[in-house]
Structure formats: C-alpha cells, structure tokens
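>
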Amino acid sequence: MKEHSCVVISAESHFEGKPAALKKTYDKLADAVCDFGPVSIQPIKGGIFFKKAGTFAMIAIRKDHLKVEFFLDHLHDSFPVEKTFQYTQKKIVHVVSVSNVKDVDRQLIGWLKTSYSMAK
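In terms of the numbering used here, the sequence shown opens at residue 14 and continues consecutively.
1. Would you mind sorting residue 34 into buried or exposed? The rule is 16 or more other CB atoms within 10 Å of its CB.
2. What are the start and end residues of each continuous alpha helix (DSSP H) run of 4 or more residues lying completely inside the stretch 14 to 94, in chain order?
3. Per DSSP, which residues does residue 96 bridge with? Please list them.
4. Since residue 45 contacts residue 117 with CB under 8 angstroms, what's their CB separation in whole angstroms?
5. Measure the CB-CB distance between residue 69 and residue 84 and report whether it falls below 8 angstroms.
6. Given a cut-off of 8 angstroms on the beta-carbon distance, is the pair residue 93 and residue 109 in contact?
7. Select from 81, 23, 95, 98 the residue whose C-alpha is nearest the C-alpha of residue 57.
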C-alpha cells in the first residue's frame, strides 16, 4: 500500500508571486468562514482546507483566481458554479472560481455556511 503524506505549509506561501488581489480575496473568504463558528484552517501543498469536524471547504490557488470547493445537499448547476460531482449520497461538491473580493458575495458565503453546517 502506498503511503500518503501531506506537506504542511503556511497559507501565505500559497500567495507568493500571485496578484495581491488573490490574497485579499482569500482573506475575505477566510474571515467570513471564521464567523460561522469554530474552524480549523489547514494549508497543505495542494490547497487550503477549512474544517469543522470534517472538511467543509477547500481553496486551490491558481495563477489568477481561487477555486473554491464546498458541499451542498442539493445540486446547483448554474452560474457561478462551474462544476459539480456527487461525493456521497447526501453531499454534492460544488466548484466556484473567484478572482476578486467582489466575487465573495452573499450567495457564496451562504453556500459555505451551508457546507459548514453539514460538517458533523
């Protein structure tokens, strides 16, 4: 069996060499998520994971945008959702791209809060 190893790095290191707007966008997302209640933010090489009891969101940093993944218990497959896939019987992963603080709107924060509430 192949072993799995997660390389822990700082959240800030994900933004080295990236536009300052991406870090500001991440900060707005992280601040909103931390308002939900107890949250563990775990940056590793592949992304930044937001956890309650389990993971409820993940952010992957790209060259000029952030990919935000979260769970919903229903399918929402219209803009701004780019991609969805069934994760478990009751959880559907939704993927949204954000590139500036304006993209972190009430709808996205609401979806993240729903995902947070689903993490038992």
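Ideal Cβ placement from N, Cα and C applies to all residues, glycine included.
With the structure as the only source:
1. Numbered from its first residue, the sequence shown carries residue 34 at position 21. Residue 34 comes out exposed.
2. 33 to 47
3. Stepping through the sequence shown from its first residue, residue 96 is reached at position 83. DSSP lists 108 as partners of residue 96.
4. In the sequence shown, counting from the first residue as 1, residue 45 sits at position 32. In the sequence shown, counting from the first residue as 1, residue 117 sits at position 104. Correct: roughly 7 angstroms between the Cβ atoms.
5. By one-based count along the sequence shown, residue 69 stands at place 56. By one-based count along the sequence shown, residue 84 stands at place 71. Yes, the Cβ-Cβ distance between residue 69 and residue 84 is below 8 angstroms.
6. Taking the first residue of the sequence shown as 1, we reach residue 93 at position 80. Taking the first residue of the sequence shown as 1, we reach residue 109 at position 96. Yes.
7. Locating residue 57 in the sequence shown gives position 44, counting from the first residue. For the residues 81, 23, 95, 98, the minimum Cα distance to residue 57 belongs to 23.
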